[in-house]
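*Asks:* The following block contains the structure, expressed as structure tokens.
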Amino acid sequence: MLKNILISGLLCSFLSAESFDTFLQNAIENSPYLKSSTLAVDQAKEQGSMILRYKNPTLELEYSDFKPDIGSFDDGYRVNISQPIRLWGVGDDRDKLANNTIKNADASYARNKAIFVRDISLSYTDYANKKSLVKLGEQELSIAKTIYDISSSRYDAGTISRGLMLQAKIDYEMVQIKNENLMLNTIQSYYNLLNLSGINKEVSFDDDYSFALHVDQDLANNPRLMVLKSQQDKALSQAMLDTNKVEWINIFAEFESEPEQDITRVGINFPLAVFNTKSQEVQIAKLQSNRASLLIDNQKTKLSIEMSRLQKERDSLAVLKSKNQEILTGEEELLKMFQNGYKIANINLLQLQDIKNKVISTKRSLIKIKTALDKNTITQNYNQGQYND
Numbered sequence: 002m003l004k005n006i007l008i009s010g011l012l013c014s015f016l017s018a019e020s021f022d023t024f025l026q027n028a029i030e031n032s033p034y035l036k037s038s039t040l041a042v043d044q045a046k047e048q049g050s051m052i053l054r055y056k057n058p059t060l061e062l063e064y065s066d067f068k069p070d071i072g073s074f075d076d077g078y079r080v081n082i083s084q085p086i087r088l089w090g091v092g093d094d095r096d097k098l099a100n101n102t103i104k105n106a107d108a109s110y111a112r113n114k115a116i117f118v119r120d121i122s123l124s125y126t127d128y129a130n131k132k133s134l135v136k137l138g139e140q141e142l143s144i145a146k147t148i149y150d151i152s153s154s155r156y157d158a159g160t161i162s163r164g165l166m167l168q169a170k171i172d173y174e175m176v177q178i179k180n181e182n183l184m185l186n187t188i189q190s191y192y193n194l195l196n197l198s199g200i201n202k203e204v205s206f207d208d209d210y211s212f213a214l215h216v217d218q219d220l221a222n223n224p225r226l227m228v229l230k231s232q233q234d235k236a237l238s239q240a241m242l243d244t245n246k247v248e249w250i251n252i253f254a255e256f257e258s259e260p261e262q263d264i265t266r267v268g269i270n271f272p273l274a275v276f277n278t279k280s281q282e283v284q285i286a287k288l289q290s291n292r293a294s295l296l297i298d299n300q301k302t303k304l305s306i307e308m309s310r311l312q313k314e315r316d317s318l319a320v321l322k323s324k325n326q327e328i329l330t331g332e333e334e335l336l337k338m339f340q341n342g343y344k345i346a347n348i349n350l351l352q353l354q355d356i357k358n359k360v361i362s363t364k365r366s367l368i369k370i371k372t373a374l375d376k377n378t379i380t381q382n383y384n385q386g387q388y389n390d
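First residue of the sequence shown? That's 2 in the numbering used here, and the numbers climb one at a time after it.
Printed below as a string of structure tokens:
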């Protein structure tokens with residue numbers, strides 16, 4: 002019963018199944034994780050606006066009550082308005098800092114998205130691997146059933162012992178149990194994929210998908226590298242802004258009315274950079290920039306080594322794939338010959354089961370190689386920034 006439920010659930014993916022590209026696009030559009038990252042970009046834009054905004058003006062109102070020694074009482078008032086003004090050049094520095102703050106948020110979002118796409122793709126390859134093993138299990142079960150049927154016929158005809166017939170039956174039943182486990186593993190992999198994608202409903206999608214390798218080899222677009230560069234640019238912008246020991250001056254206008262005269266004043270005041278020269282802020286920003294520079298160099302070295310490893314791995318996998326395909330051709334031909342030979346007692350059961358196991362083992366190796374090639378492709382594409390957009 003369990004087997005029938007699992008099989009029907011898995012095979013429904015072949016009915017109106019959507020492609021992996023469609024599934025991935027839906028995951029990107031509906032992922033709460035990516036939506037949260039988008040809000041971080043909007044937050045950075047607001048922070049950029051905060052960096053650029055002007056300070057509010059200040060209004061002072063004052064009332065005076067004059068009490069002369071001789072004469073009547075009188076009153077007066079004073080009105081003062083002042084506006085902080087940025088010094089020349091500070092606005093450009095703030096504009097660069099605001100832009101680099103936004104660019105850093107954009108780079109962080111691109112990195113998060115690239116990691117999201119990479120991880121879903123890797124999870125999909127795991128699911129596709131399990132599905133391929135299930136299909137291979139069905140082939141193995143079919144072969145084991147054929148061997149068992151032949152053994153039963155030969156036992157009924159008295160040409161083999163009951164022990165050999167039971168051996169074929171046990172082998173057939175063991176394959177059935179193994180396939181049940183494969184089904185359960187595939188179900189688990191399927192829901193792991195849904196959980197990672199953030200999609201809260203079951204979907205059907207095609208599991209026969211091959212990832213194409215982009216051969217740009219442009220590691221400058223690596224998502225982590227781009228984040229480090231944007232962090233460095235932001236730190237440099239902060240350092241440039243902090244070199245302005247004085248950013249603001251105050252321009253003020255004042256009108257004062259007294260009983261015997263009216264006074265108008267216009268002036269300017271500005272802070273004196275005597276005690277607070279922002280030397281610590283400048284040094285901190287420079288240290289941050291130097292740290293980012295070292296991390297960039299370290300990341301470039303790691304990427305270069307990893308890409309070299311991945312390419313060598315890919316070359317080795319291609320050789321293994323070719324050799325296994327060649328071996329499989331001979332094994333499948335031999336299996337047919339042994340099956341026919343077993344029917345007429347020219348081949349014994351152990352020989353037939355041995356070649357059957359070799360065929361299944363070679364096919365299993367080819368599935369493993371395809372999965373490894375797909376994962377290799379996904380990792381290389383991620384390293385080259387193919388998932389940033």
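All C-beta atoms, glycine included, are put in the ideal place defined by N, C-alpha and C.
For the candidate residues Asp150, Lys287, Ala254 and Tyr210, whose alpha-carbon lies nearest to that of glutamate 61?
*Replies:* Closest by alpha carbon: Ala254.
*Asks:* Counting along the chain, where does the beta strand (DSSP E) carrying asparagine 81 start and finish?
*Replies:* It spans 75 to 87 - the beta strand (DSSP E) in which asparagine 81 sits, taken as one unbroken run.
*Asks:* Use the C-beta contact count for serine 152: other C-beta atoms within 10 angstroms, 16 or more gives buried, fewer gives exposed.
*Replies:* It is buried - the Cβ of serine 152 has at least 16 other Cβ atoms within 10 Å.
*Asks:* Can you grab the Cα-Cα spacing for the pair serine 294 / glutamate 19, in whole Å?
*Replies:* Rounded to the nearest angstrom, the two C-alpha atoms are 44 Å apart.
*Asks:* In three-state DSSP terms, what is isoleucine 252?
*Replies:* The answer is strand: DSSP assigns isoleucine 252 an E or B state.
*Asks:* Just to confirm, are methionine 372 and asparagine 130 a CB contact at a threshold of 7 Å?
*Replies:* Residue 372 is actually threonine in this sequence, not methionine. Closer than 7 Å, so yes.
*Asks:* Going by DSSP, what residues sit across from tyrosine 64 in a beta bridge?
*Replies:* Paired residue(s): Tyr78.
*Asks:* According to the Cβ coordinates, are leucine 183 and leucine 134 closer than 7 Å?
*Replies:* In this structure, leucine 134 lies closer than 7 Å to leucine 183 by Cβ.
*Asks:* When DSSP builds the beta bridges, which residues end up paired with serine 258?
*Replies:* Paired residue(s): Tyr78 and Asp263.
*Asks:* Sort out for me which residues DSSP pairs phenylalanine 206 with in a bridge.
*Replies:* DSSP output for phenylalanine 206 lists Glu19 as bridge partner(s).
*Asks:* Please say whether leucine 98 and serine 238 have beta carbons closer to each other than 7 Å?
*Replies:* Going by C-beta atoms, serine 238 is nearer than 7 Å to leucine 98.
*Asks:* Rounded to whole angstroms, what's the CA-CA distance from alanine 45 to asparagine 105? Just pull it up for me.
*Replies:* So the two alpha carbons sit approximately 8 Å from each other.
*Asks:* Could you say which of Ala108, Asn382, Ala41 and Lys68 lies nearest to glutamine 233 if we only look at CA atoms?
*Replies:* The residue with the shortest Cα to Cα distance from glutamine 233 is Ala108.
*Asks:* Among Ala274, Asp172 and Ala286, which residue has its Cα nearest to the Cα of leucine 242?
*Replies:* It is Ala286.
*Asks:* Under the rule that 16 or more other beta-carbon atoms within 10 Å means buried, what is tyrosine 343, buried or exposed?
*Replies:* It is buried - the Cβ of tyrosine 343 has at least 16 other Cβ atoms within 10 Å.
*Asks:* Would you list the residues sitting across from threonine 244 in a DSSP beta bridge?
*Replies:* Beta-bridge pairing links threonine 244 to no other residue.
*Asks:* For alanine 346, count neighbouring Cβ atoms within 10 angstroms of its own Cβ and tell me buried if that reaches 16, exposed if not.
*Replies:* Result: exposed.
*Asks:* Just curious, the alpha helix (DSSP H) that proline 33 is in, first and last residue?
*Replies:* Unbroken alpha helix (DSSP H) run through proline 33: 33 to 53.
*Asks:* For valine 360 and glycine 138, what's the separation of their Cα atoms in angstroms?
*Replies:* So the two alpha carbons sit approximately 12 Å from each other.
*Asks:* Please report how far the alpha carbon of isoleucine 121 lies from the alpha carbon of lysine 230, in whole angstroms.
*Replies:* Distance between the alpha carbons of isoleucine 121 and lysine 230 is about 26 Å.
*Asks:* Please classify isoleucine 178: is it buried, with 16 or more other beta-carbons within 10 angstroms of its beta-carbon, or exposed?
*Replies:* Isoleucine 178 comes out exposed.
*Asks:* How is threonine 278 classed by DSSP in three states: helix, strand or coil?
*Replies:* In the structure shown, threonine 278 sits in coil (DSSP, three-state: anything other than H, G, I, E or B).
*Asks:* Rounded to whole angstroms, how far is the Cβ of leucine 353 from the Cβ of isoleucine 148, which I believe are closer than 8 Å?
*Replies:* Leucine 353 to isoleucine 148, Cβ: 6 Å. Contact.
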